[in-house]
Amino acid sequence: MKSLSQRLPVPDVLRGVAIIAMLIAHAARFHPNAPRAVEFAVGNINDLASPLFALVMGMSAQLTWNASSRAGRTYLQQVLRGVILIVLGLWMATWGTWVMVVLAYLGLLLIIGVPVLHLRTAWVAVVALVVVLASDPLNAFARTQTWIYTADPVTRFFADMVALGGSYRLTNLLPFFLLGGLLIRHGLRRGPLLWAMAAAAPLAYVARPLAEKLTGREFRLSGNYVDTLHDAGLVLAVTVAVVLLATSSGALRTVSDRVFAPLKVWGRHALSLYLLHVGLIAWWVATHERVLPSHFDPLGWAMVVILPLVLSWCWDRWVGTGPVEWLMGRVTLRPKPLRPTASRTGAPGNAPAEPVR
Numbered sequence: 020m021k022s023l024s025q026r027l028p029v030p031d032v033l034r035g036v037a038i039i040a041m042l043i044a045h046a047a048r049f050h051p052n053a054p055r056a057v058e059f060a061v062g063n064i065n066d067l068a069s070p071l072f073a074l075v076m077g078m079s080a081q082l083t084w085n086a087s088s089r090a091g092r093t094y095l096q097q098v099l100r101g102v103i104l105i106v107l108g109l110w111m112a113t114w115g116t117w118v119m120v121v122l123a124y125l126g127l128l129l130i131i132g133v134p135v136l137h138l139r140t141a142w143v144a145v146v147a148l149v150v151v152l153a154s155d156p157l158n159a160f161a162r163t164q165t166w167i168y169t170a171d172p173v174t175r176f177f178a179d180m181v182a183l184g185g186s187y188r189l190t191n192l193l194p195f196f197l198l199g200g201l202l203i204r205h206g207l208r209r210g211p212l213l214w215a216m217a218a219a220a221p222l223a224y225v226a227r228p229l230a231e232k233l234t235g236r237e238f239r240l241s242g243n244y245v246d247t248l249h250d251a252g253l254v255l256a257v258t259v260a261v262v263l264l265a266t267s268s269g270a271l272r273t274v275s276d277r278v279f280a281p282l283k284v285w286g287r288h289a290l291s292l293y294l295l296h297v298g299l300i301a302w303w304v305a306t307h308e309r310v311l312p313s314h315f316d317p318l319g320w321a322m323v324v325i326l327p328l329v330l331s332w333c334w335d336r337w338v339g340t341g342p343v344e345w346l347m348g349r350v351t352l353r354p355k356p357l358r359p360t361a362s363r364t365g366a367p368g369n370a371p372a373e374p375v376r
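If you count the sequence shown from 1, you need to add 19 to reach the working numbering.
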């Protein structure tokens, strides 16, 4: 077994990709009249961000379970982490930005998903499949329940979190979370499963345009089967690419290590980056009297995308652990050193990492 101080690189890299995707997606308001090719690319980047975050959260949760000798204490720590994410998300939603803040949804996902990952592998797979199959009809049914829209705030809040959210829903994020846990159990390595994922990715991705062409209808409603397949295609493609690069050798491995270096930094600082990014958008909105850009604003775009990434890199180089991550560790009784002294190449939460093979 590897040292507790070592980190599995793939989750950090994937989390780095996810946070960059989210930054780019939120910055789309700074180029309102972009060419169709740019809109297409940004649309796919937007579709990738939240399910990829869910996948990585599942990986991290499984790694934490793997390192745990006290299940009750570990789950309580994860619940506390989830509650903090929910509170942060609700607070950030009051900042007056155009961002649909994802943190509350991820917090509930953590609270609900972590105990499922304590089940046997077969049962985790069954739960994931059942949720996938039930998600579309459950979301559709929830939308027909008009009484929810006039119910008390708590009922509306949980209905939105579970099935009615316009962008995010537990019904659609939970399968990705469980898939992340299953991938850690299997091992992030080359083999039949990875090749099956590589084959499934393009088939899942083309499901939406193919369905639209065959039926003459648009399947743009977030949360239906076709939309979920589209998101799955993106997530599988990115995951396969990262694992292939992480298990490469020779010159390709040298290149991938250089590419992964900043991605791992941004992945480790994802929560701090997210708060800084949304805070900068809130500042921009306030200073521009809530008037959205009518043309491409490169300075605004760079301020909310490039600046947070640069500051994160500098913080990692001269300080270490992200400030929000450090505080989260203290509050949840899983403290992280502000300046790690050992290698930073592995599993979140100082969990022992299964080797990448």
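From the three backbone atoms N, C-alpha and C, an ideal C-beta is built for every residue, glycine too.
### Query
First and last residue of the alpha helix (DSSP H) that includes T113?
Run containing T113: none; DSSP gives neither H nor E here.
### Task
Kindly indicate which three-state DSSP category H45 falls into: helix, strand or coil?
In this structure, H45 counts as helix in the three-state DSSP scheme.
### Helix, strand or coil at S241 [DSSP, three-state]
coil
### Query
With 16 other CB atoms within 10 Å as the buried threshold, where does A130 fall?
In the sequence as presented, Ala is not what sits at residue 130; that position holds Ile. Around the beta carbon of I130, 16 or more other beta carbons lie within 10 angstroms, which makes this residue buried.
### Task
Pick helix, strand or coil for M76, following the three-state DSSP scheme.
helix
### Query
With 16 as the cutoff for other CB atoms within 10 Å, does S313 come out buried or exposed?
Exposed, since its Cβ has fewer than 16 Cβ neighbours within 10 Å.
### Message
Distance check for P317 and N52, CA to CA, integer angstroms please.
### Response
13 Å
### Task
Compute the Euclidean distance between the alpha carbons of P70 and F195, then round it to the nearest angstrom.
6 Å
### Message
Rounded to whole angstroms, what is the Cα-Cα separation between R92 and L99?
### Response
Looking at the two C-alpha atoms, the distance is approximately 11 Å.
### Message
For S275 and R208, I'd like the C-alpha separation in whole angstroms.
### Response
16 Å
#### Entry: Proximity below 9 Å, CB of L189 to CB of Y124
yes
### Message
For the structure I just gave you, are there three or more beta carbon pairs, one from the stretch 46-60 and one from the stretch 104-114, closer than 8 Å?
### Response
no
### Query
Helix, strand or coil for Q164 per DSSP?
coil
### Query
If we count the other Cβ atoms within 10 Å of its Cβ and call it buried at 16 or more, is T340 buried or exposed?
buried
### Message
If the criterion is Cβ atoms closer than 9 Å, does the pair L282 and L271 meet it?
### Response
no
### Query
In angstroms, rounded to a whole number, what distance separates the CA positions of R239 and A153?
19 Å
### Query
Where do the ends of the alpha helix (DSSP H) carrying F315 lie?
Here F315 belongs to no alpha helix (DSSP H), and DSSP marks it neither H nor E.
### Beta-carbon contacts of V32 that lie in its chain and below 8 Å, excluding the five residues immediately before and after
Within its own chain, the residues whose Cβ lies closer than 8 Å to the Cβ of V32, once the five positions on either side in sequence are excluded, are V261, A265, F279, L282, K283 and G286, listed in chain order.
### Query
Using DSSP with H/G/I as helix, E/B as strand and the rest coil, what is G184?
coil
### Query
So the alpha helix (DSSP H) P5 belongs to, where does it begin and stop?
This structure cannot settle anything about residue 5, because the visible part of the chain is limited to 20 through 376.
### Task
Measuring alpha carbon to alpha carbon, tell me which of R227, L202 and Y244 ends up nearest L255.
L202
### Query
Hey, G184 and G132: beta-carbon distance below 9 Å or not?
no
### Query
What's the C-alpha gap between L379 and R204?
Shown here, the chain extends from 20 to 376; a query on residue 379 therefore has no answer.
### Query
What's the call for F160, buried or exposed, on a 16-neighbour Cβ count within 10 Å?
exposed
### Query
Taking C-alpha atoms, which residue in R162, L197 and L326 lies nearest to A182?
R162
### Query
Considering only the beta carbon of each residue, do D155 and Y244 sit closer than 9 Å?
Taking C-beta atoms as the reference points, D155 and Y244 count as a pair closer than 9 Å.
### Query
Applying the criterion that 16 or more other CB atoms from any shown protein chain within 10 Å of the CB defines a buried residue, is H296 buried or exposed?
buried
### Message
To the nearest angstrom, how far is the alpha carbon of W332 from that of K232?
### Response
The alpha-carbon atoms of W332 and K232 are separated by roughly 44 Å.
### Message
Can you tell me where the alpha helix (DSSP H) holding E344 begins and where it ends?
### Response
P342 to V350
### Message
Which residue marks the beginning of the alpha helix (DSSP H) containing S268, and which one marks its end?
### Response
Where S268 is concerned, there is no enclosing alpha helix (DSSP H), given that its DSSP letter is neither H nor E.
### N52 (DSSP reduced to helix, strand or coil)
Coil, per DSSP.
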